[in-house]
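> Let me give you the structure first, and then I'll get to my questions.
Numbering (the numbering used here), first residue to last: 2 to 526.
Structure (structure tokens):
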């Protein structure tokens with residue numbers, strides 16, 4: 002790998018290496034998180050807390066813009082992965098499918114972007130956005146958002162093509178660099194007191210650049226799939242795409258509700274003072290990082306697993322069972338260990354993060370921290386079952402679309418009730434309840450599909466993490482880390498709980514050595 006040719010060959014060889022992708026994602030996420038701690042402090046200082054809250058609320062609105070693809074991005078990714086697993090005899094049909102998909106995505110991007118652009122004068126009032134000194138025209142913010150949403154839709158097509166091709170390692174480092182450049186541009190504009198819509202321009206530039214990069218990755222690995230032409234509308238292929246996308250859309254809608262409901266409700270509720278959203282989201286920051294890393298493990302493994310599940314070879318199905326168990330072991334142990342670390346260290350983390358700031362964000366109350374820790378443990382432990390259930394044929398996609406969408410609305414309804422009581426803990430627990438229902442159903446479905454026992458999965462993938470984190474919070478309550486003895490007792494108890502979890506999940510020295518050997522081989526010549 003010392004020469005350019007050697008490096009190029011190595012990159013091509015490792016483009017779909019799931020373990021390497023996981024290591025890169027974790028490294029990039031750790032670096033991103035570390036830099037974000039700095040950027041957030043700088044941005045809050047440059048923008049002011051009120052404008053930063055407005056910025057966070059608008060970020061939640063932009064996240065819903067991805068729903069404009071009606072779930073078709075995910076449907077394209079799943080369907081293309083299945084086509085690639087079926088062999089070359091399906092190539093002609095695959096190309097017709099992609100031509101129809103390109104046409105649909107172009108129409109949607111124009112429609113969604115145009116609708117937001119036309120509605121921009123009224124959207125701030127409809128969504129209860131408050132005028133903030135220095136923010137400038139809120140309508141202009143939504144006009145920039147219209148182009149960002151159109152870019153999200155176009156990116157949904159090409160990024161899912163790239164993902165189905167198995168290019169999971171290449172995008173990681175360029176995406177990290179683009180994010181840092183965007184944040185730097187945002188800070189410089191905020192420091193010069195530019196209105197909020199101008200502060201969004203670096204993100205728009207990064208979106209366009211990312212779109213071009215994704216197409217470049219596909220053109221290198223699968224040139225035939227990188228075509229932008231022909232654009233044609235095939236009713237049969239479009240109908241097939243829409244049929245799959247309905248269920249994917251419900252999944253995406255449910256997931257968007259999970260991610261963004263809390264922020265939108267807190268921002269809109271007059272019972273919460275300005276700055277409450279910062280308090281809520283910044284105290285969840287560590288959990289957000291952990292969930293991202295844990296879900297990355299399934300993200301990088303799914304292109305291969307999707308092809309194996311579409312194969313008719315029984316050996317491929319057995320490979321799915323093996324990889325599924327390993328994936329669940331890692332995600333559940335990682336999530337539970339991180340939940341223990343969060344309960345033990347979030348107060349210290351917040352004090353250090355916001356030290357010497359004139360308006361520091363205080364640590365969350367213990368009940369709210371418990372809700373965040375439970376959300377983290379349940380989400381990470383149940384992710385493998387959810388992802389595999391979605392890919393368990395058309396029946397799995399349909400069933401999971403309904404369940405994810407349904408539990409998303411359960412989350413929204415429970416959050417509304419909690420909001421009426423001005424309860425941040427209740428809003429957070431609404432997500433825990435809905436996520437638990439989703440995880441239980443998904444694990445039941447995929448275990449039936451793969452002919453595996455369900456009870457052991459439930460015990461390891463939901464009950465043990467749920468009960469264990471409640472016990473950990475109770476220990477934090479009776480030993481509040483206000484003395485050396487309490488700190489020793491609490492950390493010692495958490496260490497014992499983590500070792501017990503390792504034993505329960507089957508993580509031992511032999512398994513760790515095998516994984517390290519595989520990782521070392523990735524960097525061999």
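Here a beta-carbon is modelled for each residue, glycine too, at the ideal position from N, C-alpha and C.
Please report how far the alpha carbon of residue 266 lies from the alpha carbon of residue 20, in whole angstroms.
38 Å
> Distance, Cα to Cα, residue 115 vs residue 197?
21 Å
> As an exercise, report each continuous alpha helix (DSSP H) stretch of at least 4 residues that is fully enclosed by the stretch 259-333, in chain order.
277-284 and 286-311
> Ignore the nearest five residues each way along the sequence and tell me which others in residue 390's own chain have a CB closer than 6 Å to its CB.
397, 401, 443, 446 and 447
> Pick from 410, 123, 141 and 227: whose alpha carbon is nearest that of residue 103?
Taking only the C-alpha atoms, the option nearest residue 103 is 227.
> What three-state label does DSSP hand residue 185 in the structure shown?
Under the three-state reduction of DSSP output, residue 185 falls in the helix class.
> How big is the Cα-Cα spacing for residue 409 and residue 403?
10 Å
> Measure the C-alpha to C-alpha separation of residue 75 and residue 161 and round it to an integer number of angstroms.
The straight-line gap from Cα to Cα measures roughly 7 Å.
> My understanding is that residue 133 touches residue 25, with C-beta atoms under 8 Å, so please give their C-beta distance in whole angstroms.
Rounded, the Cβ-Cβ distance is 38 Å, inconsistent with contact.
> Expressed to the nearest angstrom, what Euclidean distance is found between the alpha-carbon atoms of residue 1 and residue 178?
Here the chain comprises residues numbered 2 to 526, so residue 1 is not present and cannot be evaluated.
> Between the Cα of residue 371 and those of 273, 347 and 36, spot the shortest distance and give me the residue it belongs to.
For residue 371, the closest C-alpha among the options 273, 347 and 36 is that of 347.
> Report yes if the CB atom of residue 427 is closer than 8 Å to the CB atom of residue 419, and no otherwise.
yes
> Are the beta-carbon atoms belonging to residue 168 and residue 208 less than 8 Å from one another?
The criterion of a C-beta distance shorter than 8 Å is not satisfied by residue 168 and residue 208.
> Contact between the stretch 486-503 and the stretch 339-356 is defined here as three or more beta-carbon pairs at a separation below 8 Å; is this criterion met?
Output reads yes: the stretch 339-356 touches the stretch 486-503.
> What number of angstroms, rounded off, separates the C-alpha of residue 77 from the C-alpha of residue 215?
When rounded, the separation of the alpha-carbon atoms in residue 77 and residue 215 is 15 Å.
> Ignore the nearest five residues each way along the sequence and tell me which others in residue 212's own chain have a CB closer than 8 Å to its CB.
152, 155, 156 and 159
> For residue 452, count neighbouring Cβ atoms within 10 angstroms of its own Cβ and tell me buried if that reaches 16, exposed if not.
exposed
> What is the residue span of the alpha helix (DSSP H) that residue 371 lies within?
It spans 367-391 - the alpha helix (DSSP H) in which residue 371 sits, taken as one unbroken run.
> Here's the rule: buried if 16 or more other CB atoms are within 10 angstroms of the residue's CB, otherwise exposed. What is residue 283?
That one is buried.
> Could you check whether residue 292 and residue 377 sit closer than 8 Å to each other, using their CB atoms as the reference points?
yes
> Considering only the beta carbon of each residue, do residue 58 and residue 191 sit closer than 8 Å?
Not in contact: residue 58 and residue 191 (Cβ atoms no closer than 8 Å).
> Alpha helix (DSSP H) containing residue 478: first to last residue?
That run of the alpha helix (DSSP H) goes 465-479.
> On the CB-based measure, 16 or more other CB atoms within 10 Å of its CB, does residue 187 come out buried or exposed?
buried
> If the criterion is Cβ atoms closer than 8 Å, does the pair residue 337 and residue 469 meet it?
yes
> Assuming residue 232 and residue 93 are in contact, meaning their beta carbons sit under 8 Å apart, how far apart are those beta carbons, in whole angstroms?
In this structure, residue 232 and residue 93 do not form a Cβ contact; the two beta carbons are roughly 17 Å apart against a cut-off of 8 Å.
> Could you give the uninterrupted runs of the alpha helix (DSSP H) lying entirely in the stretch 64-147, keeping only those of 4 residues or more?
If we require 4 residues or more, the alpha helix (DSSP H) runs fully inside the stretch 64-147 come out as 73-87, 92-120 and 124-127.
> Just the Cα atoms here: how many angstroms apart are residue 319 and residue 296?
22 Å
> Quick check on residue 437: does DSSP put it in helix, strand or coil?
helix
> So, under 8 Å CB-CB, residue 491 and residue 345 are touching, yes? Tell me the CB distance rounded to an integer number of Å.
6 Å
> Can you tell me whether residue 462 is buried or exposed, with buried defined as 16 or more other CB within 10 angstroms of its CB?
buried
> For residue 367, tell me which candidate among 185, 217 and 478 has the shortest Cα-Cα distance.
478
> What residues in its chain sit with their C-beta under 7 Å from that of residue 388, if we drop five residues either side in the sequence?
299 and 303
> Does the distance from the CB of residue 181 to the CB of residue 36 come in under 8 Å?
yes
> Answer with buried or exposed for residue 332, where buried requires no fewer than 16 other C-beta atoms within 10 angstroms of its C-beta.
buried
> Once you ignore the five residues that flank residue 15 on each side, which residues in its own chain have a CB closer than 6 Å to its CB?
21 and 170
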